[in-house]
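The opening position of the sequence shown corresponds to residue 472 in the numbering used here, with each subsequent residue numbered one higher.
For each residue, glycine too, the CB sits at the ideal point set by N, CA and C.
All values derive from a computational prediction rather than experimental measurement.
Working notes, beginning with the structure itself.
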Amino acid sequence: MLIPLLITFVFTIIHISTTYLKVLDRVPRSKFLSTAGGVAVSYVFIHILPELSENQETIEELLTNNFLLSLESHIYVISLLGLTIFYGLERMSKLSKEKKGVDPAYIQSTFWIHLVSTAIYNTVTGYLLVNRERESLASLLLYGTALGLHFFVVDQGLRVHYKGKYDKYGRWVLSLGSITGFLLGYAFEINQVFMSALFAFLAGGIILNILKEELPEQRKSSFAAFASGVVGYSILLLLT
472 MLIPLLITFV FTIIHISTTY LKVLDRVPRS KFLSTAGGVA VSYVFIHILP
522 ELSENQETIE ELLTNNFLLS LESHIYVISL LGLTIFYGLE RMSKLSKEKK
572 GVDPAYIQST FWIHLVSTAI YNTVTGYLLV NRERESLASL LLYGTALGLH
622 FFVVDQGLRV HYKGKYDKYG RWVLSLGSIT GFLLGYAFEI NQVFMSALFA
672 FLAGGIILNI LKEELPEQRK SSFAAFASGV VGYSILLLLT
């Protein structure tokens, strides 16, 4: 319990402290954020995707419904669903800002929908963090490191998008999401099928967040920093 608790504490500090890290605001994009994005990409392709393949086999063994069994790529469909949902939320929030004359109440509701959905995303990472305690210490630390760096990228994206609203409400709600996930992880144990589905949904969200934060031209991201994150963390994952 100690290691997941410490990692959850680090996640919480990251959410709260992003407001004060002014160096992350600059354009060209902070090399730290580009490196963090590279680390997350590396974790997705070297660790998460192979694990999704293993989870697909687990689901096929545990499912008994003939219709569900007829779907050959359950886990990847769920991952795609996660990516699609988070992309939809991102588009909704951007459109609310781009359109002139939009009802302020609509903009406010869009902010809260986007924020709460991201908090749920954090809750899932916290829950899976506790679940990973059953794995090796190295796997737990690699998960915590990759997701912690990923949170810097996600939180900064929200802060740039919503500015004062994030500083006033967002960071606290996201922190609560991480803590809630940790507590739920110890309070409830779900079956392996649902656990695999949660992991797949999280993977889709991670991929979408990396793409939307690193690829836009206006970010002026550092390819060298991004590549160093990919290569360095890939080597670490392969050696562990």
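For residue i and residue j, what's the separation of their Cα atoms in angstroms?
i	j	result
ASN602	ALA507	24 Å
ARG642	LEU654	19 Å
PHE659	VAL701	35 Å
VAL664	THR711	26 Å
GLY675	SER699	23 Å
PHE694	VAL510	13 Å
LYS565	LYS636	15 Å
LEU600	THR589	17 Å
VAL481	ALA617	12 Å
LEU608	SER488	26 Å
SER541	VAL548	Summary for SER541: the model assigns pLDDT 49, below 50, so the residue's position carries little reliability; its value from the coordinates is reported in the next sentence. Spanning the two alpha carbons is a distance of roughly 13 Å.
THR596	GLY615	9 Å
LYS502	ARG562	26 Å
ALA576	PHE516	40 Å
Can you find the residues in the same chain that come closer than 7 Å, C-beta to C-beta, to residue i, ignoring five residues on each side of it along the sequence?
i	result
LEU504	LEU495, PHE623, VAL624 and GLN627
VAL512	ILE681 and VAL701
LEU477	none
TYR633	PHE582 and GLY641
LEU629	THR589, TYR637 and GLY641
LEU647	ALA590
If I'm right that residue i touches residue j with Cβ under 8 Å, what's the distance once you round it to whole angstroms?
i	j	result
LEU613	LEU708	7 Å
ILE650	THR479	6 Å
Going by beta-carbon coordinates alone, are residue i and residue j separated by less than 8 Å?
i	j	result
ASP638	THR483	no
LEU679	LEU554	yes
SER550	PHE672	yes
ASN593	LEU645	yes
TYR514	TYR704	yes
GLY619	ILE485	yes
Can you name, in chain order, every residue of its own chain whose Cβ lies under 8 Å from the Cβ of residue i, other than the five neighbours on each side?
i	result
TYR598	GLY652, PHE653, LEU655, GLY656 and LEU669
Note down, in chain order, each residue of its chain lying with its Cβ closer than 6 Å to the Cβ of residue i, except the 5 sequence neighbours on either side.
i	result
HIS712	Because the chain spans 472 through 711 in this model, residue 712 falls outside it and cannot be assessed.
LEU586	GLY641 and VAL644
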